[in-house]
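Asks: Have a look at this one before I ask anything.
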Amino acid sequence: MDYETQRRLMCELGRRLWERGWVAANDGNFSRRLGEGLFLVTPAGVSKGFLTTDMLLVVDSQGRMTSPSSYRPSSETPLHLACYRVRPDVGGVCHAHPPAATAFACAHMGLEEPLLGEAVMSLGPVPCAPYGRTGTAELPAAAAPLMADHDAILLANHGALTMGPDLERAYWRMETLEHTAQIHLNVRLLGGGVPLTQEQASALRGG
Ligand SMILES: [Zn+2]
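Numbering-wise, the sequence shown is residues 40 to 246 according to my numbering.
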């Protein structure tokens, strides 16, 4: 894996999230599994819209930095490391606060109704994890039981978490998640939608 390419991609995806208004101030964080028990993570206290490759940090599976830096790893690094522990297939993790998905998280409502074909195929049902205080071990503990079976999870009263085989696909899932949340909101304005049948949903999942 070309580490420099991964660093540039992480900065680019931060810019996209910030431009979309899915992270305010210093919110949000990403990570990439590098192999050999190492992970590339975003720093704390920095706008993700203006990351530069030198700000990014490499940590081990305990979240310890592998070389000195004036930056420190995001306080949500343990949330990312929990994803990698639970899911050996996951290579990238994205955490942000996109407004529509976060509104569902604040209402403790998952996006589990199969309304949208694309969401059924690329996200599956999106549950809402119980509340866990940000920046503490409570947050990974609350979300971890859902990680094995879901690529996208809402975090109660907080935001959203997506996983993928690499960082770009984790980011795409965040796009699909927020788009799906916006559509679910509009469907509610219309008085409710007509969900896909179990057969229709299962055909989309390839089963
Ligand atoms: Zn957050």
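Heads up, the beta-carbon is just placed ideally off N, CA and C, and yes, glycines get one too.
In or out: residue 190 buried (at least 16 other Cβ within 10 Å) or exposed?
Replies: Along the sequence shown, one-based indexing puts residue 190 at 151. That one is buried.
Asks: Mind pulling the beta strand (DSSP E) runs of 3 or more residues that sit fully within the segment 104-185?
Replies: As far as the segment 104-185 is concerned, its whole beta strand (DSSP E) runs of at least 3 residues are 131-135.
Asks: Looking at C-alpha atoms only, which residue of 40, 232 and 181 is the closest neighbour of residue 117?
Replies: Your numbering for residue 117 matches position 78 in the sequence shown. Selected option, being the one with the closest Cα: 181.
Asks: When you compare the CB of residue 183 with every CB in chain C, is at least one pair closer than 8 angstroms?
Replies: In the displayed structure, chain C is absent; only one protein chain is listed.
Asks: Would you identify the three-state DSSP class for residue 44, choosing helix, strand or coil?
Replies: As a working mapping, residue 44 is identified with position 5 in the sequence shown. Three-state DSSP puts residue 44 in a helix.
Asks: I need the straight-line Cα distance from residue 151 to residue 107, nearest angstrom please.
Replies: Taking the first residue of the sequence shown as 1, we reach residue 151 at position 112. Taking the first residue of the sequence shown as 1, we reach residue 107 at position 68. So the two alpha carbons sit approximately 43 angstroms from each other.
Asks: Does the beta-carbon of residue 141, which I'm using as the reference point, lie nearer than 7 angstroms to any heavy atom of ligand 1?
Replies: Along the sequence shown, one-based indexing puts residue 141 at 102. No, since every heavy atom of ligand 1 falls outside the 7 angstroms radius drawn around the Cβ of residue 141.
Asks: Taking contact to mean 3 or more Cβ pairs, one atom from each stretch, closer than 8 angstroms, check whether the segment 136-146 and the segment 186-206 are in contact.
Replies: Yes, since at least three Cβ pairs between the segment 136-146 and the segment 186-206 fall closer than 8 angstroms, the two stretches touch.
Asks: Buried or exposed for residue 225, going by 16 or more other Cβ atoms inside 10 Å?
Replies: In the sequence shown, the residue the question calls residue 225 occupies position 186. Flag for residue 225 reads exposed.
Asks: Rounding to the nearest angstrom, what Cα-Cα distance links residue 109 and residue 154 in this structure?
Replies: Within the sequence shown, numbered from 1, the residue matching residue 109 stands at position 70. Within the sequence shown, numbered from 1, the residue matching residue 154 stands at position 115. Cα to Cα, the separation comes out at about 46 angstroms.
Asks: According to the neighbour-count rule (16 or more other Cβ atoms, all chains shown, within 10 Å of its Cβ), is residue 100 buried or exposed?
Replies: Counting from 1 along the sequence shown, the entry for residue 100 is found at position 61. It counts as exposed.
Asks: Taking only the alpha-carbon atoms, compute the straight-line gap between residue 84 and residue 66 and give it to the nearest angstrom.
Replies: Taking the sequence shown and counting its residues from 1, the one referred to as residue 84 is at position 45. Taking the sequence shown and counting its residues from 1, the one referred to as residue 66 is at position 27. If you take the alpha carbons of residue 84 and residue 66, they lie about 8 angstroms apart.
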